[in-house]
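Top line first, the protein sequences correspond to chains V and F.
Under our numbering, the first residue of the first sequence is numbered 46, with each subsequent residue one higher.
Under our numbering, the first residue of the second sequence is numbered 2, with each subsequent residue one higher.
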Amino acid sequence: MKHVLAMLLGLIATTLAAPAVLAQEEQTAPYAYRQLDDPEQEARAHDLMVTLRCLQCQGQSIADSDAPIAGSMRSLVRERIAAGETPDQIRDWLMERYGDYVSYEPRVTALTWPLFALPVVLILLAVVLLRRRFRSGRAAA
Amino acid sequence: MIAEFGLAALWLAAALAAFQLIAGSLALTERGEGLAGAVRPVAVVQGLLTAIAFVALILVFARTDLSVKLVAMNSHSMKPLIFKIAGAWGNHEGSMLLWVTVMSLAGGFVALVERRLPERTMLATLAGQAFVSLGFYAFLLISSNPFERLDPVPAEGNGLNPLLQDLGLAFHPPTLYLGYVGLSVAFSFAIGALITREVGPAFARAMRPWVLAAWIFLTLGITAGSYWAYYELGWGGWWFWDPVENASLMPWLAATALLHSASVLAARNALRAWTVMLGVVAFSMSMIGTFLVRSGILTSVHAFAVDPERGSFILVLLAIYIGGALTLFGLRAATVTEGERFAPVSREGALVINNVALCAILGIVLFGTLYPLVTEAFDTKVSVGPPYFNPMGAVFFVPMLLVLMVGPLLRWRRDSLARVRPAIIAAGLAILAAVIAVLLVGGVGVLPFIGLVLAVGLAVASVMPLRGRNLRRTPLAVWGMVLAHLGIAVALFGMASESAFSVERLVALREGESATVGPWTVRLDAVEPVAGPNWTALEARMTARYKDGGGSMLLPQARSFWAPPQQTTESALKTRWNGQLYTVLGGESPGQTGPGRWQVRLWWKPFVTLIWYGGLLIGLGGVLALIGRTASDIRRVIARDKIAYRRERQNR
Numbered sequence: 046m047k048h049v050l051a052m053l054l055g056l057i058a059t060t061l062a063a064p065a066v067l068a069q070e071e072q073t074a075p076y077a078y079r080q081l082d083d084p085e086q087e088a089r090a091h092d093l094m095v096t097l098r099c100l101q102c103q104g105q106s107i108a109d110s111d112a113p114i115a116g117s118m119r120s121l122v123r124e125r126i127a128a129g130e131t132p133d134q135i136r137d138w139l140m141e142r143y144g145d146y147v148s149y150e151p152r153v154t155a156l157t158w159p160l161f162a163l164p165v166v167l168i169l170l171a172v173v174l175l176r177r178r179f180r181s182g183r184a185a186a
Numbered sequence: 002m003i004a005e006f007g008l009a010a011l012w013l014a015a016a017l018a019a020f021q022l023i024a025g026s027l028a029l030t031e032r033g034e035g036l037a038g039a040v041r042p043v044a045v046v047q048g049l050l051t052a053i054a055f056v057a058l059i060l061v062f063a064r065t066d067l068s069v070k071l072v073a074m075n076s077h078s079m080k081p082l083i084f085k086i087a088g089a090w091g092n093h094e095g096s097m098l099l100w101v102t103v104m105s106l107a108g109g110f111v112a113l114v115e116r117r118l119p120e121r122t123m124l125a126t127l128a129g130q131a132f133v134s135l136g137f138y139a140f141l142l143i144s145s146n147p148f149e150r151l152d153p154v155p156a157e158g159n160g161l162n163p164l165l166q167d168l169g170l171a172f173h174p175p176t177l178y179l180g181y182v183g184l185s186v187a188f189s190f191a192i193g194a195l196i197t198r199e200v201g202p203a204f205a206r207a208m209r210p211w212v213l214a215a216w217i218f219l220t221l222g223i224t225a226g227s228y229w230a231y232y233e234l235g236w237g238g239w240w241f242w243d244p245v246e247n248a249s250l251m252p253w254l255a256a257t258a259l260l261h262s263a264s265v266l267a268a269r270n271a272l273r274a275w276t277v278m279l280g281v282v283a284f285s286m287s288m289i290g291t292f293l294v295r296s297g298i299l300t301s302v303h304a305f306a307v308d309p310e311r312g313s314f315i316l317v318l319l320a321i322y323i324g325g326a327l328t329l330f331g332l333r334a335a336t337v338t339e340g341e342r343f344a345p346v347s348r349e350g351a352l353v354i355n356n357v358a359l360c361a362i363l364g365i366v367l368f369g370t371l372y373p374l375v376t377e378a379f380d381t382k383v384s385v386g387p388p389y390f391n392p393m394g395a396v397f398f399v400p401m402l403l404v405l406m407v408g409p410l411l412r413w414r415r416d417s418l419a420r421v422r423p424a425i426i427a428a429g430l431a432i433l434a435a436v437i438a439v440l441l442v443g444g445v446g447v448l449p450f451i452g453l454v455l456a457v458g459l460a461v462a463s464v465m466p467l468r469g470r471n472l473r474r475t476p477l478a479v480w481g482m483v484l485a486h487l488g489i490a491v492a493l494f495g496m497a498s499e500s501a502f503s504v505e506r507l508v509a510l511r512e513g514e515s516a517t518v519g520p521w522t523v524r525l526d527a528v529e530p531v532a533g534p535n536w537t538a539l540e541a542r543m544t545a546r547y548k549d550g551g552g553s554m555l556l557p558q559a560r561s562f563w564a565p566p567q568q569t570t571e572s573a574l575k576t577r578w579n580g581q582l583y584t585v586l587g588g589e590s591p592g593q594t595g596p597g598r599w600q601v602r603l604w605w606k607p608f609v610t611l612i613w614y615g616g617l618l619i620g621l622g623g624v625l626a627l628i629g630r631t632a633s634d635i636r637r638v639i640a641r642d643k644i645a646y647r648r649e650r651q652n653r
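Structure representation (structure tokens):
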């Protein structure tokens, strides 16, 4: 009996609460769940969205999240793309506002350069390792 | 009672692990030789005791014994039985108990069946296994006791995170843990061999099946986890470079490298120090992964234990084990020579490139995952995600794939590319055809383009080792290699195709309206409320038609769980041979678009299923290789025993 009641309550909650939230969201973020009409613009917006972090969620991009803030950010990205801004301008604006954390694409800064130096170091290391290995191999043979 | 019984079994097992460490170490000395006979039985009993403790935990969860704190925190009487049981490991304490259980069962199993190595190396190995286990027993018993009681007993439990209430996820962690912890065997073998200085082909042959088994579980676990994220999170993404995913990828990369270098060591007695090093690194990656996930140091969906005390505990364990093993390696590496030499163009040469590339990718993933912690120390939060990992990984992945196309065809020691020219030409032609085909389709980004083209080339190249062989008499291990490499091509094609050709449609539909996505037309027939055992949902009835074909019904749901209260989307998928239609029901959409409309998200993802079929092929290849290698080892052992027996009789 208790869980029948709970189930009913749950049912009411789903049918009532969800639209209320959505209605509010729709006014502030019209493009959270709506694509731009121009497929070329939408593609550009999408490519940008997958590289932006949803600040409320954990480890998801704004293109992969149901969180309200991800919805607002999607809407913001689409509106700005439609207004003619480039993805880089939008990213810079967001990074200025929310910090570097918002972008999955780290910038090269005084703090993050090792990230970009690493592949170079690894390549050099690999070359040195392979050359030493094979050269001494030839000498022995 | 059951909980106390489980806890007692766990303490006993910990005590036995201590005994196993002491007896195993003493047995290596002259005076302690008498203890040698005790080590193997103790390891087996220790494994059984942890299994008992684990069964006890499953029992208290199955009965929803709310007087056990862990059950009250993570379970609920209304949950379906299967998720009650899966809930036993869907939390911090339970998953650590699973970790310890797998580790000591693996140790017990090694003690029971492994007879190929000199007994001294085995003793050192089992002592090493006990040494590693002890730390985790301490962690479990001191800071994460899963059997702790709760007083007063609450009327109801808190429930399990609804995202985790899914069959795929119920069996994902145990599979992955079998892989993670299976690598502890390789770690212990490496330590054992370093201590007794017996690094050679016999060591590699003995270690290989264990690594292979762990690697199979890791492969399947990662594949299953990726598919779970894909259909459960409701946005069609299948890999996020999330720290937790990286935590499972890193041991896989190391184990893959180890598998290949162990082959070189077994066949040619080369790459000796390197193989031992990888044995240490592989399990270290498992431990680092566990640390990242368990300590909650990197915020992520899976980090359900945000607890600094536990974090520092695991960090200390990491320092002891990884630091200790590397010190031992440093001390002994000088005495372990690299072994036989070989030319650059040879099977070994190709495998060395495979190893270097895999390790470089591992370095990128590890560094990229940990770097945000470094910048946070300087008060700047940065995110490292797909735009970093994809291209940086590709820098090493692409050359590795190119080498993979010819490597398996080369002979050991010294070979020439001219000898394998027909195979190179075949792969080259396949690549050329793919380049033309993809260019004709057009609009494909750089990385997906490279992926598609190389996948086609590799698919052709991967079956070349079968050319000119009698297929019936081809060893299982060769079949395994071919299948696994083909699996890489298949999975890569799926990944590249998904990112190149996916079509997304977000629409607001009234009942009776249709939308098109790619070649599909999807009609929203109705939206109705439905109820499950511990959730209620809105369910959309959709009819999907592929081009002019017949309609098939799809039933995506928007679910609301009430313990704990949380919304999830249950996507509905329609699979065809050439891809998957992915449908999601959002909420109702009033406002400017007018009332009575429903948010619907649709994707057409061409060939996306190949990602996971590829993963399964890789795992299947591993299984075939494991069967083949083990069977030939058993035959060898039987033959050796027979010879020994005959000699004995002749001498008599």
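For every residue, glycine included, the Cβ atom is placed at its ideal position computed from N, Cα and C.
A quick note: this is a predicted structure, and the numbers were derived from the prediction, not measured.
Partners in chain V for residue i, counting only beta-carbon separations shorter than 8 Å
i                      : result
residue 365 of chain F : 163, 164, 167
residue 69 of chain F  : The contacting residues do not exist; residue 69 of chain F stays about 23 Å from chain V at best.
Cross-strand partners of residue i (DSSP beta bridge)
i                      : result
residue 540 of chain F : F:529, F:558
residue 106 of chain V : V:98
residue 573 of chain F : F:584
residue 510 of chain F : F:599
residue 589 of chain F : F:599
residue 504 of chain F : F:605
residue 522 of chain F : F:517, F:546
residue 567 of chain F : F:562
residue 150 of chain F : F:69
residue 553 of chain F : F:545
Closer than 8 Å to chain F by CB, residue i
i                      : result
residue 95 of chain V  : yes
residue 80 of chain V  : yes
residue 175 of chain V : yes
residue 132 of chain V : no
residue 171 of chain V : yes
residue 182 of chain V : With a pLDDT of 49 at residue 182 of chain V, under the threshold of 50, the modelled position of that residue is not reliable, and the figure given next carries that caveat. For residue 182 of chain V, the answer is yes, since a Cβ of chain F falls inside 8 Å of its Cβ.
residue 136 of chain V : no
residue 98 of chain V  : yes
residue 85 of chain V  : no
residue 108 of chain V : yes
Any chain V beta carbon closer than 8 Å to residue i
i                      : result
residue 234 of chain F : yes
residue 581 of chain F : no
residue 389 of chain F : yes
residue 301 of chain F : Annotation note: pLDDT 45 at residue 301 of chain F (below 50); position unreliable, coordinate value reported separately. Output row for residue 301 of chain F: interface = yes.
residue 587 of chain F : yes
residue 204 of chain F : no
residue 543 of chain F : no
residue 155 of chain F : no
residue 305 of chain F : Reliability fails at residue 305 of chain F, whose pLDDT of 40 lies under 50, so the model's placement of it is uncertain and the value that follows must be treated cautiously. Closer than 8 Å: no.
residue 502 of chain F : no
Start-to-end residues for the alpha helix (DSSP H) that takes in residue i
i                      : result
residue 606 of chain F : No alpha helix (DSSP H) contains residue 606 of chain F, which is instead part of the beta strand (DSSP E) from 598-607.
residue 231 of chain F : 202-233
residue 133 of chain V : 132-143
residue 261 of chain F : 244-269
Partners in chain F for residue i, counting only beta-carbon separations shorter than 8 Å
i                      : result
residue 113 of chain V : The premise fails here: residue 113 of chain V is roughly 12 Å from chain F at the closest Cβ pair, so nothing lies under 8 Å.
residue 141 of chain V : Within chain F, no residue comes near residue 141 of chain V; the closest Cβ sits about 14 Å away, beyond 8 Å.
residue 123 of chain V : Neighbours of residue 123 of chain V on chain F: none; closest Cβ ~10 Å, over 8 Å.
Cross-chain neighbours of residue i in chain V, by beta carbon under 9 Å
i                      : result
residue 243 of chain F : 103, 104, 105
Within chain F, the residues that residue i reaches when beta carbons sit closer than 9 Å
i                      : result
residue 144 of chain V : 381, 382, 383
residue 148 of chain V : 383, 384, 386, 388
residue 157 of chain V : 372, 376, 381, 383, 385
Under 7 Å from the C-beta of residue i: neighbouring residues of chain F
i                      : result
residue 178 of chain V : 353
Enclosing beta strand (DSSP E) for residue i [first to last residue]
i                      : result
residue 516 of chain F : 515-518
Inter-residue CB distance, residue i and residue j (contact presumed, cutoff 8 Å)
i                      : j                      : result
residue 280 of chain F : residue 259 of chain F : 6 Å
residue 572 of chain F : residue 235 of chain F : 5 Å
residue 47 of chain F  : residue 7 of chain F   : 15 Å between Cβ atoms; not a contact.
Where residue i meets chain V, residues with beta-carbon distance less than 7 Å
i                      : result
residue 399 of chain F : Within chain V, no residue comes near residue 399 of chain F; the closest Cβ sits about 13 Å away, beyond 7 Å.
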